[in-house]
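Enquirer: Please read through the structure below; I'll follow up with questions.
2 protein chains.
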Amino acid sequence: MSCSGHGRAFLDSVVVNGVPMCECNTCYSGPDCSVLLPDCPIDVYSGDPVFLEPYWRKHAASSAVLLSGWHRMTYEQTGKHHISLELEKCIRLLHDSVGNAVTKDRFIAFGTGATQLMNALVYALSPDAANNLSVPAARVVAAVPYYAVFKTQTEMFDFRANKWEGSASDWKNSSNKYDFIEFVTSPNNPDGLFQQSVLGGASVIYDLCYYWPHYSAILSPADEDVMLFSMSKMSGHASSRFGWALLKDEKIFRKVLYYVNQNVIGTSGDTHLRMLKIIKTILSGMRTKEDMFEFGYETMRERWKRFNELISSSEIFSLQKLAPHNCTYFKKAKDPSPAYGWLKCEMEEDRDCEDVLKRGGIISQGGINFGADRRYTRLSIMKTQDDFELLMKKMEAIISLK
Amino acid sequence: MSCSGHGRAFLDSVVVNGVPMCECNTCYSGPDCSVLLPDCPIDVYSGDPVFLEPYWRKHAASSAVLLSGWHRMTYEQTGKHHISLELEKCIRLLHDSVGNAVTKDRFIAFGTGATQLMNALVYALSPDAANNLSVPAARVVAAVPYYAVFKTQTEMFDFRANKWEGSASDWKNSSNKYDFIEFVTSPNNPDGLFQQSVLGGASVIYDLCYYWPHYSAILSPADEDVMLFSMSKMSGHASSRFGWALLKDEKIFRKVLYYVNQNVIGTSGDTHLRMLKIIKTILSGMRTKEDMFEFGYETMRERWKRFNELISSSEIFSLQKLAPHNCTYFKKAKDPSPAYGWLKCEMEEDRDCEDVLKRGGIISQGGINFGADRRYTRLSIMKTQDDFELLMKKMEAIISLK
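Heads up: the sequence lines are chains A and B, in that order.
Residue 137 in the working numbering is what sits at position 141 of the first sequence, and the numbering runs on without skipping anything.
Residue 80 in the working numbering is what sits at position 84 of the second sequence, and the numbering runs on without skipping anything.
This is how it looks when you write it as structure tokens:
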């Protein structure tokens, strides 16, 4: 079913009269998604990496897996602790081929998305015993602007042993007084800049989810003690919920496994099989004309170029400044191709940038979620091409009206 | 690949020289699993429901799904909060057809296994704010013997708002002094007995994972406010990590969704598609000669009968007493068919029953894990037929030697 190129029907789409219905892109409607709704707000809030879907449509057959009813029903996987050895092997091969992370002497822990591993790592890096319950044993921090879920997740999982304490730089002068766990996202979400640890302590979680050739130049293989990656941002399979951590210390690795096993008894075996096939497809296309990273980079570079040109033409908004970098994967200098625009409202009266955009029909994620000023807001440019085109139109309209 | 009937090779089994290797049942070895290892301890520790595998092997084609590379990559599912509407519909239909739970006026929350939902429910049922951090706002309890993970999970997720407080009956006289969250497993894990709440408070989590016709007579549709089910124990697909909760209160439902979304951003979409096909296959076979519950019941009844007869012949061990019950699903009186044997060592000197079995080459889960005496231990009889046959042999040997 074509759904007019503005939607898709899946095997588990809602069935009406025996037929799965089209699921339309935002602002498209009708049984075949051919109707563009007028005055429809465009949603660029979430980091849904649908820009890679055309690649997987083109490679639909070679990347497909058949799951029969009796496929691996048991809790047991080929490796201990519900780890698939073949998938682990492919992940190592992928990092080695891309050159974005050192896998030698590293343990690999699987998670239900990098999301689960973020908290698993906070748990694993927390001190073993908190003697005084009224004082958190570890303070969890990140540099502003940071990924919103670090805060909301740490606050929801209000372990006695740790507490969210916000901006890393607020603690720079007291960094040897307390135990800290610091999240460092590089390239950063929301602004795409390379980041280093602010506190320089021992417990740093490097969130490298965007350190892949479609979003970033690869400078050298990252060689940190704790590194976090996700399938969502790597191949675009957000729905599968799969991520992994590369860990130097066996004790930390064991604690992460303990967390994941107590939390969910390991990641889905169905997903293991699918991710194995997806990574194998990526590996076999690498450095050929079917290279997924090349496809992803060209898409994101083109989007950023258009978006950046539009914003640069305006006095009322500005975007983060990103420079070209030499990329060891593509073996050339690369233009910026970030996942998000980190937009600033420059006019004195536009104190709430999320609200300014909302009034212009654009749903974005305001700066306050990232620990930053309300003058900033994050716009996802990694969703469908329809989403991006509508975002451009709405942005043009806001700029021309101001 | 046949693997001699004592193992299986999957698409994601470890590949040697281009061929996926057989994964052998416990105590079987060799490239085709044909070698029975002498003096090999049999592992009946875990509740791995592999007894249903022969059913799914028989229905391999009709229960298979094809996941192409571009299948539903997005975080978005058909329903809000990462819920698949078609899967939700099928789950309601399944309960209505089996008659084991009321689904009318209930919300359905998905989880990465019932395991994840256990803690999500503890979170959702906790008081909103704990004023005094040194006193837990909610005490989490269960009747002895209880499922071990209630304790280990609640202790690992040491929320400031709640604390594991062990045996429910210890708190019977102070039940109106504090806030309690009580887990009630019925039929119970480990002993298969029907259970009611001990404290009779408002916050009771009914774990009904074993309330399906293969393990239990269905007495009437359960009509509790908070009911928990798992795919693992229902269809045997433990590896998929999928469970659900039926919830009466919308506020609790929203808090469970919040927990799951902060924890993992929804359950795996790959698994949604597979579970949909599995449940459809079960529904279409129901009350025909291809009934999965009939197959499962006959398997478990036969195993229990043989195991119970063996233990009854001995003076040194005893098992839980289970009575036949009328079953509304099979419309007849049913013999017991539990998932576990809850074994007691009767001899004065056999104070540690897990250890007694271990010396006889049987790995079981000792009573202390369930908050019970060391004289008890749990043996899983739901694993492969090979596991069960070896368990019988080892048990016979222990009994004949004593």
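Glycine residues also receive a C-beta, built at the ideal position from the N, C-alpha and C atoms.
Going by beta carbon distance, what residues of the same chain come within less than 7 Å of G356 (chain A), once the five residues before and after it are set aside?
Expert: K390, A393, I394
Enquirer: Looking at the unbroken beta strand (DSSP E) that takes in E161 (chain B), where does it start and where does it end?
Expert: Its beta strand (DSSP E) spans residues 158 to 163.
Enquirer: Just verifying my parser: in three-state terms, what is the DSSP assignment at R68 (chain B)?
Expert: coil
Enquirer: Are the beta-carbon atoms belonging to V252 (chain B) and L243 (chain B) less than 8 Å from one another?
Expert: Contact flag set, yes.
Enquirer: Would G109 (chain B) and S226 (chain B) be called neighbours here (beta carbons separated by less than 8 Å)?
Expert: Against a cut-off of 8 Å, the Cβ pair of S226 (chain B) and G109 (chain B) comes out as a contact.
Enquirer: Short of 9 Å Cβ to Cβ, which residues in the segment 273 to 296 of chain A face chain B?
Expert: K273, I274, T277
Enquirer: Quick one: what's got a C-beta closer than 6 Å to E350 (chain A)'s C-beta in the same chain, skipping five residues either side?
Expert: S360, G362, T373
Enquirer: Return the first residue and the last residue of the alpha helix (DSSP H) that K390 (chain A) is part of.
Expert: Unbroken alpha helix (DSSP H) run through K390 (chain A): 381 to 397.
Enquirer: Determine the chain A residues that contact T181 (chain B) at a beta-carbon separation under 9 Å, and present them in chain order.
Expert: Going along chain A, no residue has its Cβ under 9 Å from T181 (chain B), so there is no contact; the nearest lies around 16 Å.
Enquirer: What residues in the segment 70 to 94 of chain A have a beta carbon less than 8 Å from any beta carbon of chain B?
Expert: Correct list: T70, Y71, E72, Q73, T74, S80, L81, E82, L83.
Enquirer: Please confirm whether Y174 (chain A) has its beta-carbon closer than 8 Å to some beta-carbon of chain B.
Expert: It does not; no Cβ of chain B falls within 8 Å.
Enquirer: Using a C-beta to C-beta distance shorter than 8 Å, which residues of chain B count as neighbours of D44 (chain A)?
Expert: Using a Cβ-Cβ cut-off of 8 Å, D44 (chain A) is close to T70, Y71, E72 of chain B, given in chain order.
Enquirer: Is there a Cβ of chain A sitting closer than 8 Å to that of W52 (chain B), yes or no?
Expert: yes
Enquirer: Within this structure, are the beta carbons of K248 (chain B) and A157 (chain B) separated by less than 8 Å?
Expert: The question names Lys, yet the displayed sequence has Ile at residue 248 (chain B). No; because the gap between Cβ atoms is not below 8 Å, this pair is not in contact.
Enquirer: Taking Cβ positions, are G262 (chain A) and R270 (chain B) nearer each other than 8 Å?
Expert: no
Enquirer: May I ask you to report which of helix, strand or coil DSSP gives C18 (chain B)?
Expert: Secondary structure at C18 (chain B): coil, using DSSP grouped into helix, strand and coil.
Enquirer: With a threshold of 8 Å, are at least 3 pairs of Cβ atoms found where one atom belongs to the segment 63 to 83 of chain A and the other to the segment 179 to 194 of chain A?
Expert: no
Enquirer: In chain B, which residues lie less than 8 Å from G232 (chain A) when you measure between Cβ atoms?
Expert: The contacting residues are M69.
Enquirer: Rounded to whole angstroms, what is the Cα-Cα separation between E290 (chain B) and P209 (chain B)?
Expert: 8 Å
Enquirer: Hey, quick one: how far does the beta strand (DSSP E) through M230 (chain A) stretch, first residue to last?
Expert: Counting along the chain, no beta strand (DSSP E) covers M230 (chain A); the unbroken alpha helix (DSSP H) around it starts and ends at 227 to 231.
Enquirer: Tell me, please, whether the CB atom of Y211 (chain A) is closer than 8 Å to any CB atom in chain E?
Expert: Protein chains A and B are contained in the structure displayed, whereas chain E is not.
Enquirer: What does a CB cutoff of less than 6 Å around T295 (chain A) pick up in its chain, not counting 5 residues either side in sequence?
Expert: F47
Enquirer: Taking only three categories from DSSP, how would you classify Y293 (chain A)?
Expert: The answer is helix: DSSP assigns Y293 (chain A) an H, G or I state.
Enquirer: Less than 8 Å between the CB atoms is what I'm expecting for G337 (chain B) and P141 (chain B), so what's the real figure, rounded?
Expert: That belief does not hold up - the Cβ atoms of G337 (chain B) and P141 (chain B) are roughly 13 Å apart, past 8 Å.
Enquirer: Counting only C-beta atoms, is T99 (chain A) closer than 8 Å to chain B at any point?
Expert: T99 (chain A) does not count as touching chain B.
Enquirer: Could you say which of B:S231, B:T380, B:D219 lies nearest to D101 (chain B) if we only look at CA atoms?
Expert: Of B:S231, B:T380, B:D219, the residue nearest in Cα terms is B:D219.
Enquirer: Using DSSP's beta-bridge definition, name the partner residues of T181 (chain B).
Expert: B:D203
Enquirer: With 16 as the cutoff for other CB atoms within 10 Å, does Q316 (chain A) come out buried or exposed?
Expert: buried
Enquirer: What does W338 (chain A) reach in chain B if we use C-beta pairs closer than 8 Å?
Expert: Neighbours of W338 (chain A) on chain B: none; closest Cβ ~21 Å, over 8 Å.
Enquirer: Does the beta-carbon of M343 (chain A) have 16 or more other beta-carbons within 10 angstroms, so that it is buried, or is it exposed?
Expert: exposed
Enquirer: So V61 (chain A) and L7 (chain B) are in contact, right, with Cβ under 8 Å, and what is the actual spacing, rounded?
Expert: Cβ atoms of V61 (chain A) and L7 (chain B) come within 8 Å of each other, at about 7 Å.
Enquirer: N127 (chain A) CB to nearest chain B CB: under 8 Å?
Expert: Here the model assigns N127 (chain A) a pLDDT of 46, short of 50, so the residue's position is not dependable, and the following value carries that caveat. Chain B contact via Cβ: absent.
Enquirer: Just verifying my parser: in three-state terms, what is the DSSP assignment at S376 (chain B)?
Expert: strand
Enquirer: With 16 as the cutoff for other CB atoms within 10 Å, does G281 (chain A) come out buried or exposed?
Expert: buried
Enquirer: How about I377 (chain B): is its C-beta nearer than 8 Å to some C-beta of chain A?
Expert: no
Enquirer: So is F384 (chain B) buried or exposed if we call it buried at 16+ other beta carbons inside 10 Å?
Expert: Under the 10 Å beta carbon count, F384 (chain B) is surrounded by 16 or more other beta carbons and is classified as buried.
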